[in-house]
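Residue numbers (this note's numbering): 128 to 529.
Below is one structure; the comments refer to it alone.
Here's what the structure looks like:
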(Lines of atoms letter the chains of each structure in order from A and count residues from 1; the text may use other names and numbers.)
(Lines give C-alpha, C1' and ligand atoms only; values in the text may rest on other atoms or scores of the structure.)
Protein backbone atom coordinates (compact mmCIF):
# COMPACT_ATOMS: atom_id res chain seq x y z
CA UNK A 1 0.00 0.00 0.00
CA UNK A 2 1.37 3.41 -0.99
CA UNK A 3 1.73 6.02 1.76
CA UNK A 4 -0.05 9.34 1.43
CA UNK A 5 3.20 11.07 2.42
CA UNK A 6 4.96 9.60 -0.64
CA UNK A 7 2.30 10.98 -2.99
CA UNK A 8 2.29 14.28 -1.10
CA UNK A 9 5.99 14.84 -1.78
CA UNK A 10 5.34 14.59 -5.49
CA UNK A 11 2.28 16.83 -5.27
CA UNK A 12 4.48 19.59 -3.79
CA UNK A 13 1.62 21.34 -1.99
CA UNK A 14 3.65 24.47 -1.28
CA UNK A 15 4.34 25.30 -4.89
CA UNK A 16 1.16 27.13 -5.92
CA UNK A 17 -1.98 27.98 -3.99
CA UNK A 18 -3.89 28.05 -7.30
CA UNK A 19 -3.73 24.24 -7.24
CA UNK A 20 -5.65 24.00 -3.99
CA UNK A 21 -9.12 23.60 -5.54
CA UNK A 22 -7.87 20.64 -7.55
CA UNK A 23 -6.04 19.27 -4.53
CA UNK A 24 -9.25 19.57 -2.52
CA UNK A 25 -11.06 17.31 -4.99
CA UNK A 26 -8.09 14.92 -5.10
CA UNK A 27 -7.63 14.59 -1.33
CA UNK A 28 -11.38 14.32 -0.69
CA UNK A 29 -11.50 11.52 -3.26
CA UNK A 30 -8.57 9.75 -1.60
CA UNK A 31 -10.19 10.11 1.85
CA UNK A 32 -13.50 8.69 0.65
CA UNK A 33 -12.30 6.10 -1.85
CA UNK A 34 -13.82 3.21 0.08
CA UNK A 35 -17.32 4.64 0.33
CA UNK A 36 -20.02 5.82 -2.04
CA UNK A 37 -19.28 9.46 -1.17
CA UNK A 38 -16.30 9.38 -3.52
CA UNK A 39 -18.63 9.89 -6.50
CA UNK A 40 -18.97 13.55 -5.47
CA UNK A 41 -15.26 14.08 -6.08
CA UNK A 42 -14.15 11.36 -8.53
CA UNK A 43 -14.45 13.08 -11.91
CA UNK A 44 -12.76 16.32 -10.88
CA UNK A 45 -10.10 14.44 -8.90
CA UNK A 46 -9.18 12.11 -11.76
CA UNK A 47 -9.17 14.97 -14.26
CA UNK A 48 -6.93 17.05 -12.04
CA UNK A 49 -4.57 14.13 -11.48
CA UNK A 50 -4.40 13.16 -15.14
CA UNK A 51 -4.36 16.56 -16.80
CA UNK A 52 -2.42 18.61 -14.28
CA UNK A 53 -0.40 16.50 -11.90
CA UNK A 54 0.48 13.35 -13.77
CA UNK A 55 1.59 15.21 -16.87
CA UNK A 56 3.37 17.86 -14.84
CA UNK A 57 5.07 16.35 -11.82
CA UNK A 58 4.06 12.72 -11.42
CA UNK A 59 5.31 9.64 -13.16
CA UNK A 60 2.80 7.25 -11.68
CA UNK A 61 0.16 4.85 -12.96
CA UNK A 62 -3.49 5.89 -12.97
CA UNK A 63 -4.63 7.20 -9.60
CA UNK A 64 -7.15 4.43 -9.05
CA UNK A 65 -4.34 1.86 -9.28
CA UNK A 66 -2.70 3.50 -6.27
CA UNK A 67 -5.77 3.53 -4.06
CA UNK A 68 -6.48 3.05 -1.25
CA UNK A 69 -3.55 4.92 0.24
CA UNK A 70 -2.17 4.49 3.72
CA UNK A 71 -3.11 7.81 5.35
CA UNK A 72 0.04 8.32 7.42
CA UNK A 73 -1.03 11.63 8.97
CA UNK A 74 -1.42 12.62 12.64
CA UNK A 75 -5.23 12.33 12.53
CA UNK A 76 -6.45 9.72 10.01
CA UNK A 77 -10.17 8.99 9.76
CA UNK A 78 -11.62 6.11 11.81
CA UNK A 79 -11.59 2.74 10.08
CA UNK A 80 -15.21 1.93 10.97
CA UNK A 81 -17.05 5.23 11.50
CA UNK A 82 -20.36 5.48 13.34
CA UNK A 83 -21.57 8.67 11.66
CA UNK A 84 -20.57 11.23 9.03
CA UNK A 85 -20.06 14.98 9.35
CA UNK A 86 -18.95 18.02 7.39
CA UNK A 87 -16.56 20.69 8.63
CA UNK A 88 -17.51 24.22 7.47
CA UNK A 89 -15.26 27.23 8.21
CA UNK A 90 -12.97 24.45 9.35
CA UNK A 91 -9.97 26.51 10.47
CA UNK A 92 -7.22 24.12 11.52
CA UNK A 93 -9.52 21.25 12.51
CA UNK A 94 -10.65 22.00 16.05
CA UNK A 95 -13.98 20.30 15.33
CA UNK A 96 -12.54 17.44 13.30
CA UNK A 97 -10.15 16.09 15.96
CA UNK A 98 -12.83 15.34 18.60
CA UNK A 99 -15.41 14.33 16.00
CA UNK A 100 -13.04 11.68 14.64
CA UNK A 101 -12.07 10.56 18.15
CA UNK A 102 -15.75 9.85 18.79
CA UNK A 103 -16.24 7.82 15.62
CA UNK A 104 -17.12 10.47 13.05
CA UNK A 105 -16.03 10.38 9.39
CA UNK A 106 -15.52 13.78 7.75
CA UNK A 107 -16.90 13.73 4.21
CA UNK A 108 -16.42 17.41 3.31
CA UNK A 109 -14.37 20.31 4.62
CA UNK A 110 -14.22 23.96 3.65
CA UNK A 111 -11.88 26.76 4.77
CA UNK A 112 -11.10 30.05 3.03
CA UNK A 113 -7.69 30.91 4.57
CA UNK A 114 -4.72 29.50 2.65
CA UNK A 115 -2.50 28.99 5.71
CA UNK A 116 -5.31 27.28 7.62
CA UNK A 117 -5.81 25.00 4.60
CA UNK A 118 -2.13 24.09 4.77
CA UNK A 119 -2.33 23.30 8.49
CA UNK A 120 -5.47 21.23 7.93
CA UNK A 121 -3.84 19.18 5.17
CA UNK A 122 -0.71 18.69 7.28
CA UNK A 123 -2.73 17.05 10.05
CA UNK A 124 -5.58 15.30 8.23
CA UNK A 125 -4.25 14.62 4.74
CA UNK A 126 -7.09 16.61 3.21
CA UNK A 127 -7.09 20.04 1.57
CA UNK A 128 -10.34 21.84 2.44
CA UNK A 129 -12.32 23.44 -0.35
CA UNK A 130 -11.94 27.22 -0.44
CA UNK A 131 -14.43 30.06 -0.72
CA UNK A 132 -17.84 28.63 0.13
CA UNK A 133 -19.55 31.50 -1.73
CA UNK A 134 -18.01 30.47 -5.04
CA UNK A 135 -18.39 26.69 -5.03
CA UNK A 136 -21.11 24.43 -6.38
CA UNK A 137 -22.79 23.31 -3.16
CA UNK A 138 -24.00 20.15 -4.89
CA UNK A 139 -20.56 18.64 -4.32
CA UNK A 140 -21.35 18.56 -0.59
CA UNK A 141 -22.46 14.97 0.15
CA UNK A 142 -25.20 13.87 2.50
CA UNK A 143 -24.05 13.73 6.10
CA UNK A 144 -25.33 13.14 9.62
CA UNK A 145 -23.85 16.16 11.40
CA UNK A 146 -23.11 19.65 10.11
CA UNK A 147 -20.39 21.54 12.04
CA UNK A 148 -19.80 25.23 11.43
CA UNK A 149 -17.90 27.89 13.35
CA UNK A 150 -19.35 30.60 11.15
CA UNK A 151 -18.36 34.30 11.15
CA UNK A 152 -20.65 36.83 12.83
CA UNK A 153 -22.22 39.17 10.25
CA UNK A 154 -25.22 41.53 10.35
CA UNK A 155 -28.21 40.99 8.06
CA UNK A 156 -29.94 43.59 5.94
CA UNK A 157 -33.51 42.42 6.38
CA UNK A 158 -35.99 43.91 3.92
CA UNK A 159 -39.03 42.02 5.16
CA UNK A 160 -40.01 41.20 1.57
CA UNK A 161 -37.98 38.07 0.91
CA UNK A 162 -39.11 34.57 1.76
CA UNK A 163 -37.31 32.26 4.16
CA UNK A 164 -33.58 32.68 4.60
CA UNK A 165 -33.16 34.64 1.34
CA UNK A 166 -32.97 37.77 3.51
CA UNK A 167 -29.55 36.56 4.66
CA UNK A 168 -28.16 36.44 1.10
CA UNK A 169 -24.71 37.98 0.96
CA UNK A 170 -23.67 36.61 4.35
CA UNK A 171 -21.76 33.41 4.99
CA UNK A 172 -24.48 31.86 7.15
CA UNK A 173 -26.68 31.96 4.01
CA UNK A 174 -24.53 29.21 2.49
CA UNK A 175 -24.86 27.14 5.65
CA UNK A 176 -28.63 27.44 5.29
CA UNK A 177 -28.38 26.38 1.63
CA UNK A 178 -26.38 23.26 2.53
CA UNK A 179 -28.86 22.40 5.29
CA UNK A 180 -31.75 22.81 2.84
CA UNK A 181 -29.93 20.70 0.24
CA UNK A 182 -28.71 17.84 2.46
CA UNK A 183 -31.01 17.86 5.50
CA UNK A 184 -28.48 16.65 8.12
CA UNK A 185 -29.71 14.98 11.28
CA UNK A 186 -27.86 17.33 13.63
CA UNK A 187 -26.48 20.87 13.46
CA UNK A 188 -23.60 22.09 15.66
CA UNK A 189 -22.92 25.81 15.24
CA UNK A 190 -20.33 27.81 17.18
CA UNK A 191 -19.70 31.53 17.49
CA UNK A 192 -18.36 34.19 19.84
CA UNK A 193 -20.48 35.11 22.85
CA UNK A 194 -21.12 38.51 21.28
CA UNK A 195 -23.53 36.84 18.84
CA UNK A 196 -26.06 37.01 21.67
CA UNK A 197 -26.08 40.81 21.43
CA UNK A 198 -24.94 41.41 17.85
CA UNK A 199 -26.97 43.97 15.92
CA UNK A 200 -29.28 44.53 18.90
CA UNK A 201 -29.87 40.74 19.18
CA UNK A 202 -31.35 40.61 15.67
CA UNK A 203 -28.58 38.43 14.23
CA UNK A 204 -29.15 35.48 16.59
CA UNK A 205 -32.94 35.78 16.35
CA UNK A 206 -32.72 35.71 12.56
CA UNK A 207 -30.44 32.65 12.54
CA UNK A 208 -32.69 30.69 14.91
CA UNK A 209 -35.82 31.73 12.99
CA UNK A 210 -34.45 30.42 9.71
CA UNK A 211 -33.14 27.20 11.22
CA UNK A 212 -36.60 26.59 12.66
CA UNK A 213 -38.11 27.28 9.23
CA UNK A 214 -35.78 24.58 7.90
CA UNK A 215 -37.40 22.16 10.35
CA UNK A 216 -35.01 22.13 13.31
CA UNK A 217 -35.56 22.50 17.03
CA UNK A 218 -32.76 24.81 18.20
CA UNK A 219 -31.17 24.88 21.63
CA UNK A 220 -28.36 27.26 22.51
CA UNK A 221 -26.13 28.13 25.43
CA UNK A 222 -22.92 30.02 26.20
CA UNK A 223 -20.18 27.66 27.37
CA UNK A 224 -16.75 28.47 28.80
CA UNK A 225 -13.61 26.53 27.87
CA UNK A 226 -12.41 26.82 31.48
CA UNK A 227 -15.19 24.41 32.49
CA UNK A 228 -13.69 21.69 30.30
CA UNK A 229 -10.21 21.19 31.68
CA UNK A 230 -8.25 24.03 30.06
CA UNK A 231 -7.14 27.26 31.82
CA UNK A 232 -8.70 29.78 29.44
CA UNK A 233 -11.64 32.13 29.99
CA UNK A 234 -13.08 31.55 26.52
CA UNK A 235 -16.86 31.91 26.23
CA UNK A 236 -18.59 30.74 23.08
CA UNK A 237 -22.23 30.35 22.11
CA UNK A 238 -23.19 26.88 20.87
CA UNK A 239 -26.34 26.18 18.86
CA UNK A 240 -27.55 22.57 18.50
CA UNK A 241 -30.32 21.64 16.08
CA UNK A 242 -32.32 18.45 15.55
CA UNK A 243 -35.51 17.69 13.62
CA UNK A 244 -37.44 16.15 16.51
CA UNK A 245 -35.57 16.56 19.80
CA UNK A 246 -34.34 19.47 21.87
CA UNK A 247 -30.76 19.19 23.08
CA UNK A 248 -30.22 19.29 26.84
CA UNK A 249 -27.07 21.29 27.58
CA UNK A 250 -27.31 20.45 31.28
CA UNK A 251 -26.20 16.89 30.55
CA UNK A 252 -22.82 18.04 29.20
CA UNK A 253 -20.08 16.95 31.58
CA UNK A 254 -17.90 19.74 32.93
CA UNK A 255 -14.69 19.52 34.97
CA UNK A 256 -14.32 21.14 38.39
CA UNK A 257 -12.37 22.83 39.79
CA UNK A 258 -10.99 24.99 37.01
CA UNK A 259 -7.37 24.18 36.15
CA UNK A 260 -4.60 26.70 36.81
CA UNK A 261 -2.55 28.15 33.98
CA UNK A 262 0.71 27.38 35.78
CA UNK A 263 0.11 23.64 35.33
CA UNK A 264 0.08 24.05 31.52
CA UNK A 265 3.27 26.09 31.16
CA UNK A 266 6.67 25.08 29.77
CA UNK A 267 9.43 24.68 32.34
CA UNK A 268 12.14 25.75 29.92
CA UNK A 269 11.97 27.73 26.70
CA UNK A 270 13.16 30.92 25.06
CA UNK A 271 10.59 33.01 26.92
CA UNK A 272 9.63 36.53 25.95
CA UNK A 273 10.00 38.40 29.23
CA UNK A 274 8.69 41.90 29.92
CA UNK A 275 11.72 44.22 30.11
CA UNK A 276 9.97 47.56 30.65
CA UNK A 277 8.74 48.84 34.06
CA UNK A 278 5.64 47.20 35.53
CA UNK A 279 3.73 47.00 38.80
CA UNK A 280 2.64 43.80 40.56
CA UNK A 281 -0.26 44.23 42.98
CA UNK A 282 0.16 43.18 46.59
CA UNK A 283 -3.45 41.98 46.75
CA UNK A 284 -4.60 39.78 43.87
CA UNK A 285 -8.20 38.63 43.80
CA UNK A 286 -9.65 35.64 42.00
CA UNK A 287 -12.49 36.80 39.75
CA UNK A 288 -15.61 34.75 39.03
CA UNK A 289 -14.21 34.11 35.55
CA UNK A 290 -11.12 32.44 37.02
CA UNK A 291 -8.87 35.33 36.01
CA UNK A 292 -6.51 36.87 38.57
CA UNK A 293 -5.47 40.41 37.73
CA UNK A 294 -1.86 40.58 38.97
CA UNK A 295 -0.63 43.96 37.76
CA UNK A 296 0.01 46.25 34.83
CA UNK A 297 2.68 47.77 32.64
CA UNK A 298 3.68 51.25 33.76
CA UNK A 299 2.44 52.97 30.66
CA UNK A 300 1.83 56.72 30.54
CA UNK A 301 -1.37 57.64 32.36
CA UNK A 302 -4.12 58.83 30.03
CA UNK A 303 -5.79 61.99 31.30
CA UNK A 304 -7.92 63.24 28.41
CA UNK A 305 -11.55 62.13 28.69
CA UNK A 306 -10.96 60.38 32.01
CA UNK A 307 -13.15 61.04 35.06
CA UNK A 308 -11.51 62.82 38.00
CA UNK A 309 -9.65 60.57 40.46
CA UNK A 310 -9.69 57.58 38.06
CA UNK A 311 -6.63 58.51 36.00
CA UNK A 312 -4.59 55.60 37.39
CA UNK A 313 -7.11 53.12 35.96
CA UNK A 314 -6.32 54.17 32.39
CA UNK A 315 -3.24 51.92 32.50
CA UNK A 316 -5.36 48.81 32.81
CA UNK A 317 -8.26 49.69 30.49
CA UNK A 318 -6.31 48.22 27.58
CA UNK A 319 -5.77 44.47 27.65
CA UNK A 320 -2.13 44.57 26.40
CA UNK A 321 -1.22 46.54 29.54
CA UNK A 322 -2.66 43.99 31.94
CA UNK A 323 -0.74 41.22 33.67
CA UNK A 324 -2.51 38.04 34.79
CA UNK A 325 -1.39 35.56 37.41
CA UNK A 326 -0.61 32.01 36.34
CA UNK A 327 -2.43 30.91 39.51
CA UNK A 328 -5.66 31.62 37.59
CA UNK A 329 -6.74 31.14 33.98
CA UNK A 330 -5.66 32.99 30.84
CA UNK A 331 -7.98 35.40 28.97
CA UNK A 332 -9.44 34.19 25.66
CA UNK A 333 -6.74 33.99 23.00
CA UNK A 334 -7.55 36.49 20.22
CA UNK A 335 -6.38 35.97 16.66
CA UNK A 336 -3.69 38.66 16.45
CA UNK A 337 -0.17 37.98 17.70
CA UNK A 338 0.29 41.54 18.98
CA UNK A 339 -2.57 41.19 21.45
CA UNK A 340 -3.17 37.45 21.35
CA UNK A 341 -0.82 36.61 24.19
CA UNK A 342 -1.33 38.62 27.32
CA UNK A 343 1.36 39.13 29.93
CA UNK A 344 1.39 36.51 32.67
CA UNK A 345 3.05 36.57 36.10
CA UNK A 346 4.79 33.28 36.83
CA UNK A 347 7.74 32.40 39.04
CA UNK A 348 8.12 36.07 40.02
CA UNK A 349 8.62 37.18 36.41
CA UNK A 350 6.37 38.58 33.71
CA UNK A 351 6.28 36.97 30.26
CA UNK A 352 4.06 35.97 27.37
CA UNK A 353 2.87 32.49 26.48
CA UNK A 354 4.87 30.48 23.97
CA UNK A 355 3.11 29.22 20.86
CA UNK A 356 3.11 25.66 22.25
CA UNK A 357 1.47 26.90 25.45
CA UNK A 358 -1.22 28.64 23.39
CA UNK A 359 -2.08 25.40 21.60
CA UNK A 360 -1.95 23.52 24.90
CA UNK A 361 -4.56 25.74 26.58
CA UNK A 362 -6.88 25.12 23.63
CA UNK A 363 -6.59 21.37 24.16
CA UNK A 364 -4.69 20.50 20.98
CA UNK A 365 -2.83 17.16 21.23
CA UNK A 366 0.98 17.09 21.23
CA UNK A 367 1.02 15.33 17.87
CA UNK A 368 -0.74 18.25 16.14
CA UNK A 369 1.69 19.64 13.55
CA UNK A 370 2.27 23.38 13.25
CA UNK A 371 3.02 25.20 10.01
CA UNK A 372 6.24 27.21 9.78
CA UNK A 373 4.73 30.69 10.04
CA UNK A 374 4.72 32.19 13.53
CA UNK A 375 2.29 35.04 12.88
CA UNK A 376 -0.23 32.72 11.23
CA UNK A 377 0.05 30.23 14.11
CA UNK A 378 -1.25 32.81 16.60
CA UNK A 379 -4.02 33.78 14.20
CA UNK A 380 -5.00 30.13 13.72
CA UNK A 381 -5.16 29.23 17.40
CA UNK A 382 -7.04 32.43 18.21
CA UNK A 383 -9.67 31.54 15.63
CA UNK A 384 -9.96 27.91 16.68
CA UNK A 385 -12.32 26.10 19.05
CA UNK A 386 -11.47 24.53 22.39
CA UNK A 387 -11.12 20.83 21.63
CA UNK A 388 -12.12 19.39 25.05
CA UNK A 389 -15.26 21.55 25.04
CA UNK A 390 -16.25 20.38 21.56
CA UNK A 391 -15.62 16.77 22.57
CA UNK A 392 -17.89 17.09 25.63
CA UNK A 393 -20.63 18.60 23.44
CA UNK A 394 -20.35 15.91 20.78
CA UNK A 395 -20.43 13.11 23.37
CA UNK A 396 -23.88 14.35 24.39
CA UNK A 397 -24.96 14.94 20.79
CA UNK A 398 -24.22 11.28 20.10
CA UNK A 399 -26.03 10.15 23.26
CA UNK A 400 -29.08 12.38 22.86
CA UNK A 401 -29.55 12.90 19.11
CA UNK A 402 -27.79 10.23 17.01
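Think of the CB as a built atom: it goes at the ideal place given N, C-alpha and C, for glycine as much as any other residue.
Bear in mind that the values here come from a model prediction, so they are computed numbers and not experimental data.
Beta-carbon proximity list for residue i, same chain, < 8 Å, skipping 5 on both sides
{"i": "residue 194", "result": "157 and 160"}
{"i": "residue 519", "result": "355, 379, 380 and 381"}
{"i": "residue 128", "result": "195, 196 and 197"}
{"i": "residue 383", "result": "354"}
Spatial distance of residue i from residue j (CA atoms)
{"i": "residue 169", "j": "residue 178", "result": "14 Å"}
{"i": "residue 333", "j": "residue 340", "result": "11 Å"}
{"i": "residue 510", "j": "residue 355", "result": "18 Å"}
{"i": "residue 322", "j": "residue 328", "result": "7 Å"}
{"i": "residue 149", "j": "residue 171", "result": "7 Å"}
{"i": "residue 226", "j": "residue 253", "result": "15 Å"}
{"i": "residue 100", "j": "residue 241", "result": "Residue 100 is absent from the model: the chain starts at 128 and stops at 529."}
{"i": "residue 184", "j": "residue 501", "result": "Low confidence applies to residue 184: its pLDDT is 46, below 50, so where it sits in the model is not reliable, and the reading given next is rough at best. About 30 Å."}
{"i": "residue 403", "j": "residue 481", "result": "19 Å"}
{"i": "residue 201", "j": "residue 337", "result": "38 Å"}
{"i": "residue 163", "j": "residue 523", "result": "28 Å"}
{"i": "residue 347", "j": "residue 317", "result": "10 Å"}
{"i": "residue 131", "j": "residue 192", "result": "14 Å"}
{"i": "residue 299", "j": "residue 277", "result": "7 Å"}
{"i": "residue 589", "j": "residue 305", "result": "Here the chain covers residues 128 to 529 and nothing more, so residue 589 does not appear."}
{"i": "residue 468", "j": "residue 461", "result": "8 Å"}
{"i": "residue 401", "j": "residue 357", "result": "25 Å"}
{"i": "residue 415", "j": "residue 353", "result": "11 Å"}
{"i": "residue 229", "j": "residue 206", "result": "12 Å"}
{"i": "residue 265", "j": "residue 136", "result": "31 Å"}
{"i": "residue 287", "j": "residue 267", "result": "Bear in mind that a pLDDT of 45 at residue 287, under 50, signals an unreliable position, so the model cannot answer this."}
{"i": "residue 371", "j": "residue 153", "result": "36 Å"}
{"i": "residue 320", "j": "residue 517", "result": "15 Å"}
{"i": "residue 388", "j": "residue 250", "result": "26 Å"}
{"i": "residue 83", "j": "residue 528", "result": "Past the edges of the chain, shown from 128 to 529, lies residue 83, and the structure says nothing about it."}
{"i": "residue 373", "j": "residue 272", "result": "15 Å"}
{"i": "residue 134", "j": "residue 366", "result": "39 Å"}
{"i": "residue 410", "j": "residue 470", "result": "18 Å"}
{"i": "residue 302", "j": "residue 151", "result": "19 Å"}
{"i": "residue 146", "j": "residue 270", "result": "26 Å"}
{"i": "residue 498", "j": "residue 385", "result": "30 Å"}
Residues bridged to residue i [DSSP beta-bridge criterion]
{"i": "residue 363", "result": "319 and 350"}
{"i": "residue 197", "result": "130"}
{"i": "residue 344", "result": "369"}
{"i": "residue 267", "result": "DSSP, once it has assigned bridges, lists no residue as partnering residue 267."}
{"i": "residue 313", "result": "272 and 369"}
Same chain, Cβ closer than 7 Å to residue i, neighbours up to 5 away in sequence not counted
{"i": "residue 399", "result": "478 and 479"}
{"i": "residue 238", "result": "216, 217, 218, 244, 247 and 255"}
{"i": "residue 87", "result": "Residue 87 lies beyond the stretch modelled for the chain, which goes from 128 to 529, so this question has no answer here."}
{"i": "residue 392", "result": "453, 473 and 484"}
{"i": "residue 490", "result": "357, 513, 514 and 515"}
{"i": "residue 508", "result": "460, 485, 486 and 489"}
{"i": "residue 199", "result": "130, 131 and 132"}
{"i": "residue 476", "result": "400"}
{"i": "residue 335", "result": "345"}
{"i": "residue 176", "result": "153 and 190"}
Buried/exposed call for residue i, threshold 16 Cβ in 10 Å
{"i": "residue 381", "result": "exposed"}
{"i": "residue 110", "result": "This structure cannot settle anything about residue 110, because the visible part of the chain is limited to 128 through 529."}
{"i": "residue 407", "result": "exposed"}
{"i": "residue 496", "result": "exposed"}
{"i": "residue 342", "result": "exposed"}
{"i": "residue 425", "result": "exposed"}
{"i": "residue 394", "result": "exposed"}
{"i": "residue 258", "result": "exposed"}
{"i": "residue 377", "result": "exposed"}
{"i": "residue 492", "result": "exposed"}
{"i": "residue 166", "result": "exposed"}
{"i": "residue 312", "result": "buried"}
{"i": "residue 503", "result": "buried"}
Neighbourhood of residue i by C-beta, 6 Å cutoff - its chain only, sequence neighbours within 5 removed
{"i": "residue 472", "result": "421, 450 and 452"}
{"i": "residue 548", "result": "Any question about residue 548 goes unanswered here, given that the chain covers just 128 to 529."}
{"i": "residue 368", "result": "314, 338, 343 and 345"}
{"i": "residue 487", "result": "391"}
{"i": "residue 214", "result": "222, 223, 233, 236 and 274"}
{"i": "residue 362", "result": "320, 349 and 351"}
{"i": "residue 155", "result": "168"}
{"i": "residue 396", "result": "481"}
{"i": "residue 494", "result": "201"}
Min CB distance residue i to chain B below 8 Å
{"i": "residue 149", "result": "Annotation note: the requested chain B is absent from the structure, which comprises a single protein chain."}
beta-carbon residue i near the ligand FAD non-hydrogen atom, thresh 7 Å
{"i": "residue 528", "result": "The model on display carries no ligand, and the ligand FAD is accordingly not part of it."}
- What runs of the alpha helix (DSSP H), each 4 residues or longer, lie entirely inside the region 208-257? 223-228 and 241-251
| In chain order, which alpha helix (DSSP H) runs of at least 4 residues are fully inside the region 447-527? | 464-467, 482-487 and 501-509
#### Entry: Runs of beta strand (DSSP E) wholly within the region 395-431 (minimum 3 residues, chain order)
Complete beta strand (DSSP E) runs here, min 3: 405-407 and 420-424.
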